[in-house]
Structure formats: structure tokens, C-alpha cells
Amino acid sequence: MTTAQPLDVQPTPLALLLLGRESDPRSERGVECPGDLPAASDPDLVERARAAKEKLGSKVFVLGHHYQRDEVIEFADVTGDSFKLARDAAARPDAEYIVFCGVHFMAESADILTTEDQQVVLPDLAAGCSMADMATAEQVAECWDVLTEAGIADVTVPVSYMNSSADIKAFTGKHGGTICTSSNAERALNWAFEQGEKILFLPDQHLGRNTAVREMGMSLDDCVLYNPHKPNGGLTVEELRAAKMILWRGHCSVHGRFSLDSVNDVRERIPGVNVLVHPECRHEVVAAADYVGSTEYIIKTLEAAPAGSKWAIGTELNLVRRLANRFADQGKEIVFLDKTVCFCSTMNRIDLPHLVWALESLADGKVVNRIEVDPEVASFSKLALERMLALP
875 MTTAQPLDVQ PTPLALLLLG RESDPRSERG VECPGDLPAA SDPDLVERAR AAKEKLGSKV
935 FVLGHHYQRD EVIEFADVTG DSFKLARDAA ARPDAEYIVF CGVHFMAESA DILTTEDQQV
995 VLPDLAAGCS MADMATAEQV AECWDVLTEA GIADVTVPVS YMNSSADIKA FTGKHGGTIC
1055 TSSNAERALN WAFEQGEKIL FLPDQHLGRN TAVREMGMSL DDCVLYNPHK PNGGLTVEEL
1115 RAAKMILWRG HCSVHGRFSL DSVNDVRERI PGVNVLVHPE CRHEVVAAAD YVGSTEYIIK
1175 TLEAAPAGSK WAIGTELNLV RRLANRFADQ GKEIVFLDKT VCFCSTMNRI DLPHLVWALE
1235 SLADGKVVNR IEVDPEVASF SKLALERMLA LP
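Note that my numbering has the sequence shown beginning at 875, numbered continuously upward.
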């Protein structure tokens, strides 16, 4: 009996990327973060962060997304959703460094909207977005070829969610489309239908479907799902020609986990509960909810809610927990919609050790993890973003 010899297998670039041992600046999937980080157990981390930020003074502006950990939010100059933060960065041209505590596509948007003299830093380059990764430039270009061959590309307007890479935003700008957020998706779709007959909605199928059906009165039959992993997106020419909304097969890994069972279960457990969910949730969850809206809408709804009211929230857990603590003294009962704990794993890569490392490096005159968007990509991306800003 012979002994099998070990195979000389070389890891693929994708395998190395997933292991964090290679870099791909065009991917949201995760890249290596160089440098020695402070230990997570370092009891002086808070003081180190405070000292570094104080040393930098007005040269640094720290942005914190709502889904960040409390330990990071503590050092944010402003908090908000992705587009609000990018606009806030653009409104601070005096800040030499923009430290974006969010994920990769958000830092890209900040780089696109800020001046050439400003440098955008992402504390951990592996803080990506699974949804943004579900649509690559090559896949979208192939999709456009499919639409061209079906004879409908010239009447199709791309609308891309803010949660997309700079490459996808650039494609959108180049092809006459606009960007949208979860707050203005209906306005973006109305604008797009004034420009053409159909919409290619990228990359979140749920936001596109929920906006079209729930907000604009379309039917589910008006929507088709384009799967980039199937020939022709898994659709016939007839299906493409009949559709009003061509939805990309992408989703948020956090919001996509909420189910109709989650809604039914929480209503059984908490009589009189109000179910409030993000429009990135599945259509059946949105249809069963009492309130639906963006992150900012969720916060404002809870601010206006009467004392003693009960709420089950379908969005990222860091925010839900923060809101529950904030309104506890007002007697508002706020719980997570699902029984299972669910953080945004990539957003949570930005932790205090990474933030301290980034701030101390900047304080020592060393710029780390700078996010730079290719000038041509940035130009077309900015065009799409400006169309959104001009929406009525």
C-alpha cells in the first residue's frame, strides 16, 4: 500500500483574499490591514484614542455610521447613515483627514465628494459590504450587454443604491442613471421613469421591489430578478421586455435574515408591539410590518413614539441596542425583531484597536489605509451622485 503524497496546491487569489492575505482595492470583500494593532485588552485604549484625536485637533474629522459599536461611536464627531456622513465629510473642507468608521463603499463615497486636499482613511480595509460585493463591474457590464441584445438597453435607466462600489456608481453615471438611498428611493425611481421605460436596480433586490410595489403601486409581476450567475441572468428576452423593474440579485446579509416568522413570533410574545423594519428586508416582512423606513426614519419614529409604547425593530443590532438604552427611561420597550443576535460582521471590524491605530498613525504623520478612487471612476460616480442631489 502506497502512501498518498501531499498535493502541491497553490491557494487561489480569491482564497488568499478571503483569508485576508491579499489585497483587492476594488473589492468590498476584505483586504489585508497592515501594521501592528494595539491589543484589544489594552485598558488604555480609550485614553490613547482620546489623546491621539486631541493631538490631531481640527485636522481630523471622525465619521461614525449608526451600525458601529458604542466604543467607536464615542469618538465620532458626527453619526448618521452612509450618505449623510459622506455629505458631512464634504462639508468640512478644513479637515485634512477624514476617518470613516463604516465600510469600504462609504469611504469611497466620501473620497468622491471631498476635495483633493483631503485624505479619507478606513481604519480596517477588511470592513466591506457583502451586498456591494454582489454586483461587480464586469457582471453589470455583461448584464447591460444582455439588455442591449434584448433591444431594451436604450429605454432602461440604471438606479444604484448608495450601498454599492464606486465602479457601480460610475457605471450608473455613465449610462444616465442616478444613485438612491433608502430615504429617497421612490423619488429616484420616479425620476428614472421620466427618463426611460424600465429600471435596472442595483444591487439590492429588496429595496427595489419594496419601493416599486409598496410605494409606487406596481405589482410583483412588474419585477423580474436578474441573476448574474446564470446565462442571460436566468431570464428570457420576453421576460426582460415585459418587466418594468429589473432587480439585481443582491441583498443585505443583516436585513435579509428577518422573516415573516420573526414578525409573527414577536407579535405573539409582545401584545400590542409595533413592528418597524428597514426597506432592505424581504417583501413579505415589509408587507407584514407596521412601519417601514430608512435608518434615519427608524430613529425619528422612535423619538416621536409615546412613552410606554412597544417596538420590535428589524435592522442592525448595534443600533437597536443603542436605541433601547436611549429610550429606556421614557418607558419605551424596544427589542430586536429576530431572536438570534445579528450584527453586521464587516461593519464590526471597525473596533477600538483599529481606530486607535489609525488615529495614532495620523498623529505621527503617517497616513494608513487611505481610500482613493480612480479619477475617471470618481468623475462618473460624482455625476450619478449629483443627479441624486438634484432630485425634486
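Heads up, the beta-carbon is just placed ideally off N, CA and C, and yes, glycines get one too.
- The stretch 1003-1010 and the stretch 1237-1247 do not touch, with fewer than 3 CB-CB distances between them shorter than 8 Å.
- Leu959 is classed as buried because its beta carbon has at least 16 other beta carbons within 10 Å across all chains shown.
- Here the alpha carbons of Leu937 and Ala1062 stand approximately 26 Å from one another.
- Within the same chain, and ignoring the five residues on either side of Lys1256 in sequence, the residues whose Cβ sits closer than 6 Å to its Cβ are Ile986.
- Leu996 counts as buried, since at least 16 other C-beta atoms from the protein chains shown sit within 10 angstroms of its C-beta.
- Between Cys975 and Ser1056, the alpha-carbon positions lie close to 20 Å from each other.
- Partner residues in the beta bridge of Ser1034, as assigned by DSSP, are Ile1053 and Leu1076.
- DSSP places Tyr1171 outside any beta strand (DSSP E); the residue lies instead in the alpha helix (DSSP H), whose first and last residues are Thr1169 to Ala1178.
- The criterion of a C-beta distance shorter than 9 Å is satisfied by Asp1078 and Trp1122.
- At the C-beta level, Ser983 and Phe949 stay beyond 9 Å of one another.
- Annotation: Arg1195 to Val1209 spans about 8 Å, alpha carbon to alpha carbon.
- For Ile1144, the secondary structure class from DSSP, reduced to helix, strand or coil, is coil.
- Counting along the chain, the unbroken beta strand (DSSP E) around Glu1207 starts and ends at Glu1207 to Phe1210.
- Lys1043 and Asp1203 have their C-alpha atoms some 43 Å from each other.
- In the assembly as shown, Glu1154 is a buried residue. Its beta-carbon has 16 or more other beta-carbons within 10 Å.
- Judged by DSSP secondary structure, Met980 falls within the alpha helix (DSSP H) whose first and last residues are His978 to Leu987.
- Taking every protein chain shown into account, the CB of Asn1084 has 16 or more other CB atoms within 10 angstroms, so this residue is buried.
- If one requires a minimum length of 4 residues, the alpha helix (DSSP H) runs lying completely within the stretch 902-977 are 919-930, 944-947 and 956-964, in chain order.
- Ile1224 carries a coil assignment under DSSP once its states are collapsed to helix, strand and coil.
- In the DSSP assignment, Trp1122 is bridged to Tyr1100.
- In the DSSP annotation of this structure, Val994 is not part of any alpha helix (DSSP H); the continuous beta strand (DSSP E) holding it starts and ends at Gln993 to Val995.
- Gly1091 is classed as exposed because its beta carbon has fewer than 16 other beta carbons within 10 Å across all chains shown.
- The criterion of a C-beta distance shorter than 9 Å is not satisfied by His978 and Ala964.
- Separation of the CB atoms of Leu1193 and Tyr941 is rounded to 6 Å, and the pair is thereby assigned contact status at 8 Å.
- The three-state secondary structure of Ala1000, taken from DSSP, is coil.
- The C-alpha of Arg966 lies about 46 Å from the C-alpha of Glu1023.
- For Leu919 and Ile1224, the gap between their C-alpha atoms comes out near 14 Å.
- Annotation: the continuous beta strand (DSSP E) that includes Gly1188 extends over Lys1184 to Gly1188.
- Shown here for Arg922: same chain residues with a beta carbon closer than 6 Å to its own, the five before and five after excluded, namely Val1230 in chain order.
- Around Phe1132, the same chain offers Val1151, Cys1155, Arg1156, Val1159, Gly1188, Leu1211 and Asp1212 as residues with beta carbons nearer than 8 Å, after the five sequence neighbours per side are excluded.
- Contact between Lys933 and Glu990 does not hold, since the beta-carbon distance rounds to 16 Å and is not under 8 Å.
- Counting only the Cα atoms, Asn1148 lies some 6 Å from Lys1184.
- For Glu1260, the enclosing alpha helix (DSSP H) begins and ends at Pro1249 to Leu1263.
- DSSP places Glu1113 inside the alpha helix (DSSP H), whose first and last residues are Val1111 to Ala1116.
- In the three-state reduction of the DSSP assignment, Ile1042 falls in the helix class.
- With a cutoff of 9 Å on beta-carbon distance, Thr1030 and Lys1072 are scored as near each other.
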